[in-house]
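Have a look at the structure below, then the notes.
Residue numbers (our numbering): 25 to 681.
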């Protein structure tokens, strides 16, 4: 058993070292003109200011659950919880710190070489893509070896989930408040271009891309990675009679295989001749999946001597690709659905949103069928074993490091285009960056589709582990408690979504007032004769986001505890089932609808259906403004919510038995 553990530890260290090497290579690149560096310094200052305040807020909240865990369980569970919180935030911070510095270098590289721009931007995202699983592997392995306590590992997953909820919701509220505020006044009222330096909210918008899409997503995917390993180890303990101790460490070994494959896939990403940028990224993703499956086959047959587990993992990989392909079809730049929404925008904003929402409502069907088929297929092919579901879940995680790199590539390319716009760069460099931004936006949508697929399978696994641990094999509907809990679970994501979208609207309203005030009071601002006060909008967005991110977290933790204590473990299990089904469908709908409306706007801006400043363009701006909080606040929020709910239930289960 020593050699497998050393293998996992070694892979974690290698991932961190490769990330450090890439970061060093990026930081050696030139950061452009003085004007570019000045714009980037504003963004760095804003991101650091927000994250420092966010950490202070979280530090105030975290001691209370840590103390409760210490009193209810032991010091090891409390320690693991704190480690989960700290490492989740740290992983997100490291990725964001490199991403914000990569953006200006990507913008500068675009002035010299269009082909090198993709490589620079993607490798900046790869730093976060490798740091997150690297830290996760090392941390969980050390906790497993030193503490030898599965409940403590659940505490680690719970801490990572809680930090991810705060990070993703807080960052999402910040970025979309700034984005909406900047667009409503800048584009619609003042009719100035996107990322124009005259807009007082433009720096806050660029800061938001980093704190929401980099730091927040880094914490989110760290939670996914650590949560999947934790539940896998827990299920391995349940199946120890069948697989022995090898079944316990098998999930973490598979995650390590996925990290190795992702390093190989990341190395393949470059601008290939006669292949689109999206195609170049897909080559890396496919290579990652193939290498992972080879490793899975070897370990399944040699380590556990059960080839059926290979097919269970294959189902997970297939579900992941189906969800990504469906997302790319519905949200891809220039695809049929995007054209349909853009065309309808010629009749006004109302039809833009009606078409976008109606199309978005159809998007969860195929991904959900793919996920459900993978779950059922793995269960059947492994002889009706829930351990097969563990491997299916890991199968959706194989490309997590690569997916994370592609996800961070989105805000990096967005920031690079913004820096170029604000620095007065024009010509071929601007065209390169804007085309890269469109690809980055599509990849962000695809990675959200992946995250929802992976998160849904994870939630299936969590409540399977919950029912197996609680030894519940039969649920009676004669008692109303189980049915009531099921319906409560179905409705629970809705108030959470309401809180986050309302918080975004409140922040955007305050920023709109501030931007209007500056254009009114600063004479010459619209003409570019005087600079705006960027710090005011950053401060408004920060205060609003931090004040509104705590309540959703409290709801996610308190609800399962109250239901479990009042109605028992069976009712709590039904709550998990209802919440998972509801949150999964809402998540797919929110993410795809928002991305669809966003790319419809970009399609019109490319010159189709009237082009910029046309009636259709103004309609798509309204649609994009509505879609932004759906895809970047509500969608990620329900994804984290359903996993945090499950982790909380697993943690309190021993107290209910």
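Just so you know, even glycine gets a beta-carbon here, dropped at the ideal spot from N, CA and C.
When the beta-carbon positions are compared, residue 229 and residue 649 stay at least 9 Å from each other. Unbroken beta strand (DSSP E) runs of no fewer than 3 residues, entirely contained in the region 588-631, are not found. With respect to the 9 Å criterion, residue 215 and residue 249 are not classified as neighbours on the basis of their beta carbons.
Going by beta carbons, residue 416 and residue 340 fall inside the 9 Å limit. With a threshold of 16 other beta carbon atoms within 10 Å, residue 401 meets it and is buried. The region 281-294 makes no contact with the region 512-526: fewer than 3 CB pairs, one atom from each, lie closer than 8 Å. A Cβ-Cβ contact shorter than 9 Å links residue 239 with residue 116. For residue 327, same chain residues with a beta-carbon under 8 Å away, outside a window of 5 residues either side, are 28, 270, 274 and 277 in chain order. The Cβ-Cβ distance between residue 85 and residue 577 falls below 9 Å. With contacts defined by Cβ atoms closer than 9 Å, residue 436 and residue 513 do not form a contacting pair. By alpha-carbon distance to residue 148, the top candidate from 347, 126 and 132 is 126. Taking the C-beta atoms as reference points, residue 209 is found no nearer than 9 Å to residue 428. Counting C-beta atoms within 10 angstroms of its own C-beta, residue 498 has fewer than 16 neighbours from the protein chains shown and is therefore classed as exposed. One thing to note: residue 195 has its Cβ within 9 Å of the Cβ of residue 78. Using a Cβ distance threshold of 9 Å, residue 204 and residue 528 count as a contacting pair. Taking 4 residues as the shortest admissible run, the region 212-282 contains the following complete alpha helix (DSSP H) segments, listed from N- to C-terminal end: 226-234, 241-262 and 264-267. In terms of CA proximity to residue 44, 121 leads the group 121, 65, 97 and 673.
Look at residue 550 here: in three-state DSSP terms it is coil, with no helix or strand label.
Pairing residue 388 with residue 346 gives a Cβ-Cβ distance that is not under 9 Å. Measuring C-alpha to C-alpha distances from residue 658 to each of 667, 471 and 192 identifies 192 as the nearest. Between residue 654 and residue 614 a beta carbon distance of about 4 Å is seen, short of the 8 Å cut, so the two are scored as contacting. Going by C-alpha positions, residue 560 is about 13 Å away from residue 69. Counted as a single uninterrupted DSSP element, the alpha helix (DSSP H) harbouring residue 320 occupies residues 301-326. If you check the CB distance, residue 358 and residue 627 come in under 9 Å. The C-alpha of residue 335 lies about 48 Å from the C-alpha of residue 640. Under the Cβ criterion (8 Å, minimum of three pairs), the region 574-589 does not count as touching the region 90-108. With contacts defined as CB atoms closer than 9 Å, residue 421 and residue 282 qualify as a contacting pair. Nearest to residue 585 by alpha-carbon distance, out of 509, 570 and 616, is 509.
In chain order, 613 place their CB closer than 7 Å to the CB of residue 385, counting only its own chain and leaving out the 5 sequence neighbours on each side.
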